Structure formats: C-alpha cells, structure tokens
Amino acid sequence: MVEASDAAGKSVRELESRLSAAVSEASHERAMAEKLISTTRGALTAMVEENQKQVEQLRADHDQARATMQAELVAHREMRNARINERLSHPELCDSASPQVPPPNTDVPVAPEVVRSEPFYCVTLDELNKTGTLNEQLTRALAQREADNEKLTEELAQREADNEKLAEELVQREADNEKLTEELAQRRLTMRS
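According to the working numbering, the sequence shown is numbered sequentially starting from 49.
In structure tokens:
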C-alpha cells in the first residue's frame, strides 16, 4: 500500500512538474506572440503611415503640377487670343487659315482642329513635352505608391491572420493546461480515496 501511495505521489509530482512546465512554456509563448504581434503591428502601422505620407506628398505634387499646367494653359490661351486679335487688327496678316473673328474668352476651350489650323507661334515642343513628361512621371509615381499601400494592407491582413492563428493556438494550449490541471486534481482525489 505504501508503495502504491509512493508511486501515486511520484505520478502526481510528475504531473505537477509537467503542468508547471507546460504553463511556463505557454506563458512564454504567449508573451513572445504578444511581443511579435505588437512589433508587427507597430512596424506595419509605421510603414503604412510613411507610405500614406508619401502618397499624400505625391498627390500634392501632382495637384500642384496640374495646377501649374492649368495656369500655363490659361496663359497660352491668353497669348493665343492676343495674337489673334493683333492679327485681326492687321488685315495683311489675315489669310484664309487664320480666324476671321475675335476669339472667345480664355476659359472657353477651343477645338483642336481649330488650333491646328492656326499659324504656329512661339510655343516650343520641348516646353510642352517636359510638362507632359512630368505629369506622366507623377502619375506613375502615385500609382506605384498606391500599389505599395495596397501591398502593405494585404501584408497587414496576413499578419493579423497569423496573429489570430497564434492566439487560437494559445487558447488551445491553455485549454490543454486546464485539462491537465483537472486530470491532476482528479488523480489527487482518487489517491486520497
């Protein structure tokens, strides 16, 4: 009987030791998982914020470039209208290809075929191409930043899914620990009986 009691006590101590080790391991894993979750969230949040700032800056740059281009367009329209009015004031400059009526306001668009039919004045193709190229570059950079943000959002969702999986595993281990605790308590009761 004493041998059985000693064996049961040894078994209980062994179970207690296993339970303590499992609890310690689960606590350590939980702390590591929480630290990983916190670090990952912080890093991803910082990356998203930084990319968002860059996207906002690119949008502002794009808007500024677009406003500059719009102002340039208005200036070209004003200059075009001034040239047309000057040509109308000198009948010898008016040929059949030139407009014979005063131009509309500068805020009214002119059909491209009308502009193409007019004499070419002082606009250089280099200036026009440079502005168009800048606009295209800004548009591509904005699209790239938006794609980067999309990718970061997807990565954040994946990390959060991984964190949820780790949390589920932690819950399962805690349930296993609880089960071991109940088994240990049951064995103790059985040993006492």
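No residue lacks a Cβ here, since even glycine has one placed at the ideal position from N, Cα and C.
Source: prediction; values computed, not measured.
Looking at the structure shown, is Met49 part of a helix, part of a strand, or coil, going by DSSP? coil
In chain order, what residues of the same chain lie with their CB nearer than 8 Å to the CB of Leu218, ignoring the 5 residues before and after it? Ala74, Glu77, Arg78, Ala81
From Glu51, Met95, Ser65, Met49, residue whose alpha carbon lies closest to that of Leu232: Ser65
Quick one: residues in its chain with C-beta nearer than 6 Å to the C-beta of Val96, no 5 flanking neighbours on either side, listed in chain order? Leu200
Going by other Cβ atoms of all chains shown within 10 Å of its Cβ, with 16 needed for buried, is Leu237 buried or exposed? exposed
For the region 211-230 against the region 96-115, do three or more pairs of beta-carbon atoms, one drawn from each stretch, fall closer than 8 Å, so that the two count as touching? no
Could you tell me whether the Cβ of Glu203 comes closer than 7 Å to any Cβ of chain C? Among the protein chains of the structure shown there is no chain C, as only one such chain exists.
Closer than 8 Å by C-beta to Glu222: which residues in its own chain qualify, once you throw out the five before and the five after it? Chain order, please. Ala74
Just to check my reading of the structure: Asn177 and Asn99 have Cβ atoms closer than 8 Å, yes? What is that Cβ distance to the nearest angstrom? At roughly 30 Å, the Cβ-Cβ gap does not stay under 8 Å, so Asn177 and Asn99 are not in contact.
Please classify Asp155: does DSSP put it in a helix, a strand, or coil? The answer is coil: DSSP assigns Asp155 none of H, G, I, E or B.
Under 6 Å Cβ to Cβ from Thr187, same chain only, skipping five residues before and after it: list those, please. none
For the candidate residues Ala70, Val158, Arg131, whose alpha-carbon lies nearest to that of Lys227? Ala70
Run the CB neighbour count on Arg61, radius 10 Å, all protein chains shown included, and call it buried at 16 or more, exposed below. An exposed status is given to Arg61, since fewer than 16 other beta-carbon atoms sit within 10 Å of its beta-carbon.
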